[in-house]
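Engineer: In UniProt numbering, the protein residues as written are 1 to 490. Below you'll find the structure I mean.
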């Protein structure tokens, strides 16, 4: 029974450069590259250019600790004045607001303190007397641990809303004072009553030095993804080269190693193992360099383990894509982990300020999941409900998909005869190498014969002269004996 041969397209070494003169040869790389670059520009620029226009359900909190009418007026005015499609205004008590800030689930809060209405009335009464009264205060707190741009948007929004509310409260307070006096108010008092609230801003739980203004979590997450993605490319290329399935080129040197007898599935297992080893080492190196550069790391072991997990998941999935799709797997991996990942990460621009397409991508894109985990470990004390639980769950799902995709498909390739052992490509390459070797051998033999020709010619001439002399000698001997024979015959 004949063995089933692997199905491969054999190369044609002698076809020359005819392919260079076809339109397909020139159009394919140009069209694919232009499509890739167009996607890059559309995705990257489209995700960041108009954050305020793209706002949708941006979460901010209002805490009203005042029991009087003025605090209620501010809350109602803010809820009614802000676009409900753009902003998610949550009127909640202070303990709940603190929890949401600690979990990076809101970008800022407005706090109206207890006794706010009483102080406003005191301010109004001071306009009728010589007594001096301080303006009541409200506090706006921004949350940079949820995102630098997000906290900035929250601060601007709340300050603008309070400017409007300040004017309306001033109008009401002025009307109340006028109703009591029945006449006009002095200029200085009227000015104070027209702007009666002191709006103060602060930063809730400021980030320490060494965090890059809240960008260190994003860049660390990016490093983890690049370690997995780039590592899978390096590992796949070197493993295939050392096993003899792709050539290794070092400058002008072209090396094709002897082909090992190993299936696609077992080769993929080797690549997976190398990626896990690389993840263990790379995560530690990242932490050591970050610590040396002054980045604060409070949960060291947890960050190292999460880094190992993230790098392994990305590297294994990317290796599986390369094993399943070949060279096209590189582009698919780049599309998934880098091109679509960066604008949907929710790190530099909050997801509530990007177009809906990117918010949808963030539900499953690896970059966003890894960023949530890193941010939780670096900024939010590793709270599970601050993004770490979601990061672990989604990364685990991605890892399982990568394992199943690579394992099942490569095993199927091996069973269907698409293995890479003694395939037509390898045989054709070996035949070409043998032909080149024979051609070089013939050239060397011809050169050796050319060098040996003068010596051979001299030896031949010497042998010819010796043979001629022997022939002459043999001819002369019968002639000398001939008279004696004649005498005997007589």
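Note that CB positions come from ideal geometry on N, CA and C, so glycine has one too. Every value quoted in this text rests on a predicted model; they were computed, and no experiment measured them.
#1: Does the contact criterion of 3 or more C-beta pairs under 8 Å hold for the stretch 288-297 versus the stretch 255-272?
#2: What did DSSP end up calling residue 364 once you bin it into helix, strand or coil?
#3: Residue 393: which of 365, 410 and 201 sits nearest, CA to CA?
#4: Going by DSSP, name the residue or residues bridged to residue 64.
#5: With DSSP run on the structure shown, which of helix, strand or coil describes residue 415?
#6: Applying the 10 Å Cβ sphere with the 16-neighbour rule, what's the burial state of residue 503?
#7: I want to know whether the stretch 71-80 touches the stretch 28-46 - three or more CB-CB distances under 8 Å.
#8: Among the residues of its own chain, which have a CB less than 8 Å from the CB of residue 286, if the five just before and after it don't count?
#9: Candidates 139, 326, 319 and 370: which alpha carbon is nearest residue 342's?
#10: Following the continuous beta strand (DSSP E) through residue 134, name the residue where it begins and the one where it ends.
#11: Buried or exposed: residue 166, going by 16 or more other Cβ atoms within 10 Å of its Cβ?
#12: How far does the beta strand (DSSP E) with residue 503 in it reach, from first residue to last?
#13: Going by C-alpha distance, which of 97, 81 and 357 is nearest residue 204?
#14: Between the C-alpha atoms of residue 389 and residue 374, what's the straight-line distance to the nearest angstrom?
#15: Unbroken alpha helix (DSSP H) runs of length 4 or more, entirely within the stretch 277-338: which are they?
#16: Around the C-beta of residue 109, are 16 or more other C-beta atoms found within 10 angstroms, so that it is buried, or is it exposed?
#17: For the putative contact between residue 143 and residue 199, defined by C-beta atoms under 8 Å, what is the C-beta separation to the nearest angstrom?
#18: Tell me, please, whether the stretch 433-444 touches the stretch 403-411 by the rule of three or more beta-carbon pairs shorter than 8 Å.
#19: Report the rounded CA-to-CA distance for residue 217 versus residue 283, giving the unit in angstroms.
#20: Could you give the DSSP three-state label for residue 201: helix, strand or coil?
#21: Pick from 112, 148 and 135: whose alpha carbon is nearest that of residue 65?
#22: So who's on the other strand from residue 249, going by DSSP bridges?
#23: Just list the alpha helix (DSSP H) runs in the stretch 29-113, keeping only unbroken ones of 4 residues or longer that don't cross its boundaries, in chain order.
#24: Tell me whether residue 126 sits in a helix, a strand or coil according to DSSP, three-state version.
#25: Using CA atoms only, rank isn't needed, just tell me which of 25, 254, 417 and 100 is closest to residue 62.
#26: Please state the DSSP three-state secondary structure of residue 344.
#27: Are residue 278 and residue 161 closer than 8 Å when you measure CB to CB?
#28: For residue 211, which three-state DSSP category applies?
#29: What do you reckon, are the CB atoms on residue 107 and residue 30 nearer than 8 Å?
#30: Assuming residue 196 and residue 135 make a contact with CB atoms under 8 Å, what is their CB distance in whole Å?
#31: Between which two residues does the alpha helix (DSSP H) containing residue 235 stretch?
#32: Rounded to the nearest angstrom, what separates residue 382 and residue 129 at their Cα positions?
#33: Going by DSSP, name the residue or residues bridged to residue 142.
#34: Going by DSSP in three states, residue 18 sits in which element: helix, strand or coil?
#35: In whole angstroms, what is the alpha-carbon distance linking residue 414 and residue 317?
#36: Using the beta-carbon count (16 or more within 10 Å), is residue 211 buried or exposed?
Structural biologist: Inspection of the coordinates gives the following:
#1: In this structure the stretch 288-297 does not touch the stretch 255-272; the number of beta carbon pairs closer than 8 Å is below three.
#2: If DSSP states are grouped into helix, strand and coil, residue 364 belongs with coil.
#3: 365
#4: Note: residue 64 sits in a beta bridge opposite 112.
#5: helix
#6: Any property of residue 503 remains undetermined from this structure, which presents the chain solely from 1 to 490.
#7: no
#8: 220, 223, 224, 227 and 307
#9: 370
#10: It is not in any beta strand (DSSP E) - residue 134 carries neither H nor E in the DSSP assignment.
#11: buried
#12: Missing from the structure shown is residue 503; the chain here goes from 1 to 490 and no further.
#13: 97
#14: 11 Å
#15: Restricted to the stretch 277-338, the alpha helix (DSSP H) segments that are unbroken, complete and at least 4 residues in length are 300-325 and 328-334, listed in chain order.
#16: The residue is buried, with at least 16 neighbouring Cβ atoms inside 10 Å.
#17: Incorrect: roughly 18 Å between the Cβ atoms, too far for contact.
#18: no
#19: 14 Å
#20: strand
#21: 112
#22: 254
#23: 69-81 and 94-102
#24: helix
#25: 100
#26: coil
#27: no
#28: coil
#29: no
#30: 6 Å between Cβ atoms; contact.
#31: 216-242
#32: Roughly 55 Å between the two C-alpha positions.
#33: Note: residue 142 sits in a beta bridge opposite 108 and 203.
#34: helix
#35: 19 Å
#36: Around the beta carbon of residue 211, 16 or more other beta carbons sit within 10 angstroms, so the residue counts as buried.
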